[in-house]
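With our numbering applied, the sequence shown corresponds to residues 3 to 205, in that order.
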Amino acid sequence: MAFELPPLPYQMSDLEPFIDAQTVEIHYTKHHATYLKNLNTALDKFPELGNWSIESLLKGLDQIPEEIRVTVRNNGGGYYNHNLYWTNMGSKCGGEPTEPVSKAITDAFGDFTAFKAEFEKAGLGRLGSGYAWLSLKPDHSLIIHTTLNQDSPLMDGLTPLLVTDVWEHAYYLKYQNRRAEYLANWWNLVNWKEVERRYEAHV
Ligand code: MN
Numbered sequence: 003m004a005f006e007l008p009p010l011p012y013q014m015s016d017l018e019p020f021i022d023a024q025t026v027e028i029h030y031t032k033h034h035a036t037y038l039k040n041l042n043t044a045l046d047k048f049p050e051l052g053n054w055s056i057e058s059l060l061k062g063l064d065q066i067p068e069e070i071r072v073t074v075r076n077n078g079g080g081y082y083n084h085n086l087y088w089t090n091m092g093s094k095c096g097g098e099p100t101e102p103v104s105k106a107i108t109d110a111f112g113d114f115t116a117f118k119a120e121f122e123k124a125g126l127g128r129l130g131s132g133y134a135w136l137s138l139k140p141d142h143s144l145i146i147h148t149t150l151n152q153d154s155p156l157m158d159g160l161t162p163l164l165v166t167d168v169w170e171h172a173y174y175l176k177y178q179n180r181r182a183e184y185l186a187n188w189w190n191l192v193n194w195k196e197v198e199r200r201y202e203a204h205v
């Protein structure tokens, strides 16, 4: 069974004015779709991996045949990370999370404003291409961290709750080099209901 591109849960123009429709179109139909295609092409050669979930593949890279391990890391990560990125955004979103996520954020970072500042700082400080994350540690506390290229928190034993893409392809058409402005505006798109759903599914 080949992996499939999940449908976007909104129209490409629904993230405007914070992310423009053309950026969404290129990002989804070219970048995301290409990671998916490369992942499926690699896995085609190893039918014994056909029933592995994308999460299992990324958590178990050491068990993947060496011939395709780097390809699965990069393209499986790219496929999975974008799946999360699209679903944790939406139109008419933003605002703040409710319990229990709001309490977990307060416990870990002091308050919501401090959390946002630390998250933006992480995203801004990610040199090169990658992602900023809010993830669950095995003890169920929260951590803000970044990954390089298409690496995933799953590779480090973390469970991702919220992600923003800080590759230039995510913002360059509208923001050019102004990653800080993209990150500041991005909060208007965060679908906290989805973050709460992920949190409650894992604690
Ligand atoms: Mn991307």
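Yeah, the Cβ is synthetic: ideal placement off N, Cα and C, and Gly gets one too. Please read these numbers as outputs of a predicted model, since none were measured by experiment.
> What are the boundary residues of the alpha helix (DSSP H) that residue 185 is part of?
Replying inline: 181-188
> My guess is that residue 62 and residue 152 are in contact by the Cβ rule of under 8 Å, so how many angstroms apart are they, rounded?
Replying inline: That belief does not hold up - the Cβ atoms of residue 62 and residue 152 are roughly 16 Å apart, past 8 Å.
> Where the beta carbon is closer than 6 Å to any heavy atom of the ligand MN, which residues qualify, in chain order?
Replying inline: 29, 33, 84, 167, 169, 171, 172
> On the premise that residue 171 lies in contact with residue 29, defined as a C-beta separation below 8 Å, what is that separation, rounded to the nearest angstrom?
Replying inline: 6 Å
> Who does residue 19 pair with in a DSSP beta bridge?
Replying inline: Residue 19 pairs with nothing; no bridge assigned.
>> I need the DSSP call for residue 137, collapsed to helix, strand or coil.
In response: strand
> What is the DSSP secondary structure of residue 113, counted as helix, strand or coil?
Replying inline: coil
>> Under DSSP, the beta strand (DSSP E) around residue 148 begins and ends at which residues?
In response: 144-150
> Who are residue 192's beta bridge partners in DSSP?
Replying inline: 91
>> Taking a contact to mean a Cβ-Cβ separation below 8 Å, would you say residue 185 touches residue 93 in this structure?
In response: no
> With which residues is residue 161 paired in a DSSP beta bridge?
Replying inline: 138
>> Taking 7 Å as the limit between beta carbons, can you name the residues of its chain near residue 187, skipping five residues before and five after?
In response: 20
> For residue 100, which three-state DSSP category applies?
Replying inline: coil
>> Here's a check: name, in chain order, each residue in its chain whose Cβ is nearer than 7 Å to the Cβ of residue 136, leaving out the five neighbours to either side.
In response: 121, 144, 146, 163, 164
> Shortest alpha-carbon distance to residue 160 belongs to which of 12, 57, 84, 96?
Replying inline: 57
>> For a quick check, are the C-beta atoms of residue 83 and residue 44 less than 8 Å apart?
In response: no
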